[in-house]
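Counting from 16, one number per residue, gives the positions in the sequence shown under my numbering.
Even for Gly, the Cβ is constructed at its ideal location relative to N, Cα and C.
A short write-up of the structure that comes next.
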Amino acid sequence: MDLSFWIINGIKIFVIVNMILLTVSYLVYFERKISAWAQNRVGPNRVGYYGLLQPFADVFKLAFKEDIVPNAANKKIHSIAPFIALVVAFGTYAVLPIGPAINVFGYDVSLVMADVNIGILYVLALTSVGVYAITFSGWSSGSKYSLLGGVRSSAQMISYEISMGFSIAGVLILSGSLRPLEIVASQSGWMWNAIVQPIGFITFVVSAFAETNRLPFDLPEAEPELVGGYHTEYSSMKFAAFFLAEYANMIIASAMIVTLYLGGWQVPYLETAGLSESLTAGIQIASYFVKMGAVLFFFLWVRWTLPRFRYDQLMNLGWKVMFPLSLLNLIWAAIVAMLMN
16 MDLSFWIING IKIFVIVNMI LLTVSYLVYF ERKISAWAQN RVGPNRVGYY GLLQPFADVF
76 KLAFKEDIVP NAANKKIHSI APFIALVVAF GTYAVLPIGP AINVFGYDVS LVMADVNIGI
136 LYVLALTSVG VYAITFSGWS SGSKYSLLGG VRSSAQMISY EISMGFSIAG VLILSGSLRP
196 LEIVASQSGW MWNAIVQPIG FITFVVSAFA ETNRLPFDLP EAEPELVGGY HTEYSSMKFA
256 AFFLAEYANM IIASAMIVTL YLGGWQVPYL ETAGLSESLT AGIQIASYFV KMGAVLFFFL
316 WVRWTLPRFR YDQLMNLGWK VMFPLSLLNL IWAAIVAMLM N
């Protein structure tokens, strides 16, 4: 490992971390603007041009709020839980590629932080750890509302992770690899997995909503029932950490949907258009972010469109509908793989 290896990877880490922080900040802004559009309101418009500086004002406000910890709380676990949520949220981006390798000043730079053969397994392992952050925060707060939120989250995430795992298994059967770059390469042309296995695509998207605790699956928070759920007893930057992790997880879910089902950075038959290598790479990287932006808009749009499920409806959907459909998709993917070979 020479010096160039450390310099390139250091730049990658710096760019990814700052890109995530900026994207998450403005995702909150767009959430508020889209909710205002859906409800015929104006939305934030006071701080900066069209309210564009509102995310920075929110960060300053939270930073100067008092950090309150209840007397009945387990203070160590109470402090560790937001840290776990952030580590899981930021660590997952390491294996998700945003484009093909490009040449920068004579160096071939891969647009993925860590190109590992078990990339998808790594993502699933980290996202499974994420449930501990919510469970720990609910239990350690010493509040019944928080505890109920934590218990709900555990049951919800375990239930929907099974459907998500089977949906991903269908993708892995067709691509023959756990490596994200090879999964993207297997979707060249119009062989996007969303087209080849639409049932798997639908079950994965619904599971992603449940895994990120987004409406209509936000039972762990459910303000009318649990005040704020698992983060009821959090304030200041600890609350901000959970907030940041939730939106970062939305971006992870969107990136996973694009990588697994929407062809990643692939633009159908772009390679045959006769464009220069740099222009082709630029269009492919742009297409990745356009797809991801469209999925993120869908996440925000659904929140202000559908009502929250009851808890029994949530569990019935997970076990009686999603689980059988994901198994059916797995059988379909096996049949397609057999016919293709």
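Looking at C-alpha atoms only, which residue of Leu343, Ala184 and Ile266 is the closest neighbour of Ser40? The residue given as residue 40 occupies position 25 in the sequence shown. Among Leu343, Ala184 and Ile266, the Cα nearest to that of Ser40 is on Ile266.
Same chain, Cβ closer than 6 Å to Thr7, neighbours up to 5 away in sequence not counted: Because the chain here runs from 16 to 356, residue 7 falls outside it and cannot be looked at.
What separation, rounded to the nearest whole angstrom, lies between the Cα atoms of Asn55 and Gly308? Within the sequence shown, residue 55 is the residue found at index 40, counting from 1. Within the sequence shown, residue 308 is the residue found at index 293, counting from 1. Looking at the two C-alpha atoms, the distance is approximately 22 Å.
Is Ala225 closer than 7 Å to Tyr160 when the C-beta atoms are compared? Here residue 160 refers to the residue found at position 145 of the sequence shown. Here residue 225 refers to the residue found at position 210 of the sequence shown. Cβ distance not < 7 Å, so Tyr160 and Ala225 don't count as in contact.
Looking only at its own chain, which residues have a Cβ that is under 6 Å from the Cβ of Val62, when we skip the five neighbours before and after it? For the purposes of this step, residue 62 is taken as the residue at position 47 of the sequence shown. So the list reads Leu68, Gln69 and Ala72, once near-sequence residues are dropped.
Between Ser269 and the rest of its own chain, which residues show a CB-CB distance below 6 Å, the 5 nearest in sequence each way excluded? Within the sequence shown, numbered from 1, the residue matching residue 269 stands at position 254. Result list for Ser269: Met307, Val310 and Leu311, in chain order.
So, at 7 Å on beta carbons, what are the nonlocal neighbours of Lys91 in its own chain, with the 5 sequence-adjacent residues on each side left out? By one-based count along the sequence shown, residue 91 stands at place 76. None.
Tell me Asp123's beta-bridge partners as DSSP assigns them. For this step, residue 123 is matched to residue 108 along the sequence shown. Looking at the DSSP assignment, Asp123 forms a beta bridge with Asn118.
Among Tyr108, Pro115 and Lys253, which one has its Cα closest to the Cα of Leu126? As a working note, residue 126 is residue 111 in the sequence shown. Ranking the options by Cα distance to Leu126, first place goes to Pro115.
Just to confirm, is the Cβ distance from Ile117 to Tyr147 under 7 Å? Translated into the one-based positions of the sequence shown, residue 117 becomes position 102. Translated into the one-based positions of the sequence shown, residue 147 becomes position 132. No, Cβ-Cβ distance for Ile117 and Tyr147 is not below 7 Å.
Residue nearest to Ser50 in terms of C-alpha spacing, selected from Val317, Val30 and Met353: Taking the first residue of the sequence shown as position 1, residue 50 is located at position 35. Ranking the options by Cα distance to Ser50, first place goes to Val317.
Presumed contact (8 Å Cβ cut-off) between Val138 and Thr107, rounded CB distance: Within the sequence shown, numbered from 1, the residue matching residue 138 stands at position 123. Within the sequence shown, numbered from 1, the residue matching residue 107 stands at position 92. Val138 to Thr107, Cβ: 5 Å. Contact.
Is there contact between the stretch 167 to 174 and the stretch 201 to 213, where contact requires at least three CB pairs shorter than 8 Å? no
Outcome for Glu236 when other beta-carbon atoms lying within 10 angstroms are tallied against a minimum of 16: Counted from its first residue, the sequence shown places residue 236 at position 221. The residue is buried, with at least 16 neighbouring Cβ atoms inside 10 Å.
Using only alpha-carbon positions, find the residue among Ile133, Asn89, Ile210 and Ala140 that is nearest to Trp154. Residue 154 sits at position 139 when you count from the first residue of the sequence shown. The candidate whose alpha carbon is nearest that of Trp154 is Asn89.
Contacts around Val32, its chain only, beta-carbon distance under 8 Å, and the 5 residues preceding and following it disregarded: Here the question's residue 32 lines up with position 17 in the sequence shown. So the list reads Phe105, once near-sequence residues are dropped.
For Ser158, which three-state DSSP category applies? The residue you call residue 158 lines up with position 143 of the sequence shown. Residue state, collapsed to three classes: coil.
CA nearest to the CA of Leu329, picked from Trp347, Met252 and Val221: Residue numbering aside, residue 329 sits at position 314 when the sequence shown is read from its first letter. Selected option, being the one with the closest Cα: Val221.
Does DSSP put Asp82 in a helix, in a strand, or in coil? Along the sequence shown, one-based indexing puts residue 82 at 67. Note: Asp82 maps to coil in three-state DSSP.
If you draw a straight line from the C-alpha of Asp327 to the C-alpha of Ile214, how long is it? In the sequence shown, residue 327 corresponds to position 312, counting from 1. In the sequence shown, residue 214 corresponds to position 199, counting from 1. If you take the alpha carbons of Asp327 and Ile214, they lie about 23 Å apart.
Looking only at C-alpha atoms, which of Ala200, Leu189 and Met252 sits nearest to Phe75? Residue 75 sits at position 60 when you count from the first residue of the sequence shown. Here the closest residue by C-alpha is Met252.
Spatial distance of Gln281 from Met271 (CA atoms): The residue you call residue 281 lines up with position 266 of the sequence shown. The residue you call residue 271 lines up with position 256 of the sequence shown. Their backbone Cα atoms lie some 14 Å apart in a straight line.
DSSP state of Gln202 mapped onto helix, strand, coil: Numbered from 1 along the sequence shown, position 187 holds the residue referred to as residue 202. Residue state, collapsed to three classes: coil.
Return helix, strand or coil for Gly153, following the three-state DSSP convention. By 1-based counting over the sequence shown, the position of residue 153 is 138. DSSP places Gly153 in helix when its eight states are reduced to three.
My output table needs one value for Leu193: the three-state DSSP class, helix, strand or coil. Translated into the one-based positions of the sequence shown, residue 193 becomes position 178. It is coil, neither helix nor strand.
Can you find the residues in the same chain that come closer than 8 Å, C-beta to C-beta, to Tyr7, ignoring five residues on each side of it along the sequence? Outside the shown range of the chain, which is 16 to 356, sits residue 7, and nothing can be said about it.
C-beta contact flag for Phe324 and Tyr276 at 7 Å: Counting from 1 along the sequence shown, the entry for residue 324 is found at position 309. Counting from 1 along the sequence shown, the entry for residue 276 is found at position 261. No, the pair does not count as a contact, with Cβ atoms beyond the cut-off.
Do Leu345 and Gly185 have their C-beta atoms closer together than 7 Å? Numbered from 1 along the sequence shown, position 330 holds the residue referred to as residue 345. Numbered from 1 along the sequence shown, position 170 holds the residue referred to as residue 185. Yes, the pair counts as a contact, with Cβ atoms nearer than the cut-off.
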